[in-house]
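First up is the structure itself, then whatever we jot down about it.
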Amino acid sequence: MAVVSDQLIAGFSDPVQDSQTLFRTLLKAMSEPGLIRQIEQPERAPGPLSLAGWAVALGMLDADTPLWLSRSLMQDSTLSSNLRFHCQSPLTACAAEADFALALAAELPELASFNQGCAEYPDRSATLIIQVEGISDEPDWTLTGPGIESERGLTIRGLPQAFTEQLIASRRRFPLGVDCIFVCAEQLVALPRSTQIRIGGA
Amino acid sequence: MSQTEGYNFAYLDEQTKRMIRRAILKGVAIPGYQVPFGGREMPLPHGWGTGGMQVTASVIGADDRLKVIDQGADDTTNAVSIRRFFARTAGVETTERTVEASLIQTRHRIPETPLSNDQIIIYQVPVSEPLRFIEPRETETRKMHALREYGAMQVKLYEDVARFGHIATSYDYPVLVNDRYMMSPSPIPKFDNPKMDRMPALQLFGAGFEKRIYAVPPYTSVKSLDFDDHPFEVQQWQESCAICGSDHSFLDEVITDDNGSKIYVCSDTDYCAGRVAASEEPQQ
C-alpha cells in the first residue's frame, strides 16, 4: 500500500519538544502503572486512531520498530499512509515480528501471538498500544507491583474477556511478557508486565 | 542561558533519543534488568558519566530543572561540566538544591534529602553487571540472570565474612530488585542503599561503557544482599560533620595537614549548606 498524499495530516507541531513531553507522560505512566495521564499534542489523529494512540506512535515509533496493525487499522489507508509518512515503521503482517502493535481492543488476537521476549533478553518483547472504549480509575481491577505504593484501581472498558484472562495468566512467566499501553481519546494508561492484576476491588 | 546554535535540543539527535527512550521504558517494565542500547559518543570521555548523560538528554525537557552531583558535591569538575553542558545544549535551568530539582544526575551518591515522587534520579554507572567480576562472560551472566542464579554473589559476600568477620563490601553493594533481578546500585556507598528501597522517585541508570540502561520504578522493593546471621549494615562514624555538625549523614574524611590531622565533612554539599543556613537563621 502506498502513501496517499491527500490523506496526510500534520504530526506534532513541534516534533522535538512534543516528543519529549509525550515521552515524559509515557514514562510517568509506565513507571506508575494504572496512573491515567492526558496527552496535550497532537490535535488531530488519522482515521480511527485516538489522539493518545497517535501521540504514542509519533513519539516512539521509527524505521527501527516493525509495527503490526489490527485488521481494520491495517485496512485504513489514511492511518497506514500517515504511519508510513510520519513514523517510517515497516508494517508487518506477522504479530510475532512486531516491536510495537497498534490494535483496536475488539480485534486483539491471542496474547501469545506477540513476541514475549526470551529469558536472556526479555526486553526484546512487543509493546502493545491498545485502543479501548473507556479508561477510568474505578476498581474493576486492583493493581499491585512496582510503581504502585499500595494498590491502584483501574477499569478498562471494551477489552475482550479472553485477552484479560491471558494477560493475567501471562504474569506467571515474568520477566517474559508484553507491556500494554491502553489509549482512549486523549487518555493513556500503561500496564507493564511487572504489574499484578486482580479482578475486583480491594 | 540560551541554547547552543547548530545542535539539537539536549545534544542528541531525535532518532537516538527515541531509541534510548524505548530502552528506558523496557527497563522500567522489567525493574533491575539491564537493557542494551546503542550508546553514542558524547563530547567527553567514557567514565565521565556518558551513560547518565545520554539518559538525561533523552529525558530532559525545557521545563526541567537539573541538579548534577559528583560524590554528593555540586561544585566538583564532573558535576559542573555536565550541568553546564545541559544548560548550553538544552537551555534548561539548573540548581544545586535537591528540593528544587526535577531531574538529578548523580555520580555515586544519593542526596541526603529524601526525594519526592515528582523527581527523577539518574545514576552514572561504570560497570552495570554486578556479576562481572565473578563471571567475565556476558553470555554466562545473561544466563545467570535468566535463571536467577545468584549463589556466586552470596559466596563472594561469604568470603568477606570468612576473611574479615563481616561483609567488607562498602560500595556498589549488590541489591535484589523486586525480588527478581540482581542489580548494581552503581558505586554509591552502601550507606545509600536503604534510600533506594521503595523510593518515591523514579530511578534510572545509564552505563556508557557497557551500553546498558536499567531502572527502578517508584515504590519498588530494593533489598541489599545479606545473611541471616550477618545482616546488612551501613557505615557509621564516631565523628560529626566539622561544618554543620550532622551526626547522621555520609561523611568524607579530609586530611588537613602533613601530620595526618583530619576532619570529617558531609559529602552532600547542599544538605550541609542547608543545615548551616538553617542554624544561622535568627532564633525567635
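Respectively, the protein sequence lines represent chains A and B. Per this note's numbering, residue 1 is the first one in the first sequence, and the count goes up by one each step. Per this note's numbering, residue 1001 is the first one in the second sequence, and the count goes up by one each step. Idealized CB from N, CA, C, for every residue including glycine. Quantities reported herein were computed from a predicted structural model and do not represent experimental measurements.
- Under a criterion of Cβ atoms nearer than 7 Å, the residues of chain B adjacent to alanine 119 of chain A are, in order, Ala1146.
- About 12 Å separates the beta carbon of leucine 167 of chain A from that of alanine 105 of chain A, a gap too long to meet the 8 Å contact definition.
- Taking the Cβ atoms as the reference, isoleucine 1213 of chain B lies roughly 11 Å from isoleucine 1030 of chain B, outside the contact range of under 8 Å.
- The beta carbon of alanine 55 of chain A sits closer than 7 Å to the beta carbons of Leu22, Ile39, Gln41 and Pro42 from its chain, once the five residues preceding and following it are set aside; these are given in chain order.
- With contacts defined as CB atoms closer than 8 Å, glutamate 138 of chain A and threonine 155 of chain A qualify as a contacting pair.
- Per DSSP, tryptophan 1048 of chain B lies in no beta strand (DSSP E) segment and is marked neither H nor E.
- Of the candidates B:Thr1169, B:Tyr1264 and B:Glu1149, the residue whose Cα lies closest to the Cα of threonine 1256 of chain B is B:Tyr1264.
- Taking 8 Å as the cut-off, the Cβ atoms of valine 1080 of chain B and glycine 1206 of chain B do not count as close.
- Interface residue (Cβ-Cβ distance to chain A less than 8 Å): proline 1217 of chain B is classified as such.
- Legend: CB atoms of the region 1011-1043 of chain B lying less than 8 Å from CB atoms of chain A belong to residues Glu1014, Gln1015, Lys1017, Arg1018, Met1019, Arg1021, Arg1022, Ala1023, Ile1024, Leu1025, Lys1026, Gly1027, Val1028, Ala1029, Ile1030, Pro1031, Tyr1033, Val1035 and Pro1036.
- Look at proline 15 of chain A here: in three-state DSSP terms it is helix.
- Inside the region 1079-1162 of chain B, DSSP marks whole beta strand (DSSP E) runs of 3 or more residues at positions 1103-1107 and 1120-1124, from first to last along the chain.
- If you draw a straight line from the Cα of methionine 1182 of chain B to the Cα of proline 146 of chain A, it comes to about 15 Å.
- Counting the other Cβ atoms within 10 Å of the Cβ of phenylalanine 1227 of chain B gives fewer than 16, which makes it exposed.
- With respect to leucine 1202 of chain B, isoleucine 1120 of chain B sits close: the two C-beta atoms are nearer than 8 Å.
- For glutamine 17 of chain A, the C-beta contacts it makes with chain B under 9 Å involve Phe1009, Gly1061 and Ala1062, in order along the chain.
- Counting only runs of 3 or more residues that sit fully inside the region 29-79 of chain A, the beta strand (DSSP E) segments are 67-69, in chain order.
- Counting only Cβ-Cβ distances below 7 Å, phenylalanine 23 of chain A has contacts in chain B at Arg1021, in chain order.
- Within chain A, the residues whose beta carbon sits less than 8 Å from that of threonine 1220 of chain B are Pro146 and Gly147, listed in sequence order.
- Contact annotation, valine 178 of chain A with threonine 144 of chain A: C-beta distance approximately 19 Å; criterion of less than 8 Å not satisfied.
- Relative to the Cα of isoleucine 129 of chain A, the nearest Cα in the group A:Gly53, A:Gly34 and A:Gln116 belongs to A:Gly53.
- Along the region 1129-1158 of chain B, the positions whose C-beta sits under 7 Å from a C-beta of chain A are Arg1142, Lys1143 and Ala1146, read in chain order.
- Nearest to threonine 1095 of chain B by C-alpha distance, out of B:Pro1282, B:Thr1269, B:Ala1277 and B:Ser1279, is B:Thr1269.
- The three-state secondary structure of tyrosine 1033 of chain B, taken from DSSP, is coil.
- Between tyrosine 1150 of chain B and serine 1224 of chain B, the alpha-carbon positions lie close to 13 Å from each other.
- In the DSSP annotation of this structure, the continuous segment of the beta strand (DSSP E) that includes valine 183 of chain A starts and ends at 179-184.
- Within the same chain, Ser50, Gly53, Leu104 and Val183 come within 6 Å of glutamine 131 of chain A by CB-CB distance, once the 5 residues on both sides are set aside.
- Distance check between phenylalanine 12 of chain A and each of A:Arg124, A:Gln196, A:Phe174 and A:His86 places A:His86 closest, using alpha-carbon atoms only.
- Each residue's CA atom was taken as its position, placing alanine 1215 of chain B and threonine 92 of chain A some 30 Å apart.
- Shown here, arginine 1021 of chain B sits in a helix according to DSSP, grouped into three states.
- Within the DSSP secondary-structure output, aspartate 1252 of chain B pairs in a beta bridge with B:Val1265.
- Judged by DSSP secondary structure, methionine 1196 of chain B falls within the alpha helix (DSSP H) whose first and last residues are 1193-1196.
- Note on geometry: alpha-carbon atoms of glutamate 1239 of chain B and aspartate 1247 of chain B lie some 7 Å from one another.
- Put simply, the CB of arginine 1180 of chain B is near chain A, with a gap under 8 Å to one of its CB atoms.
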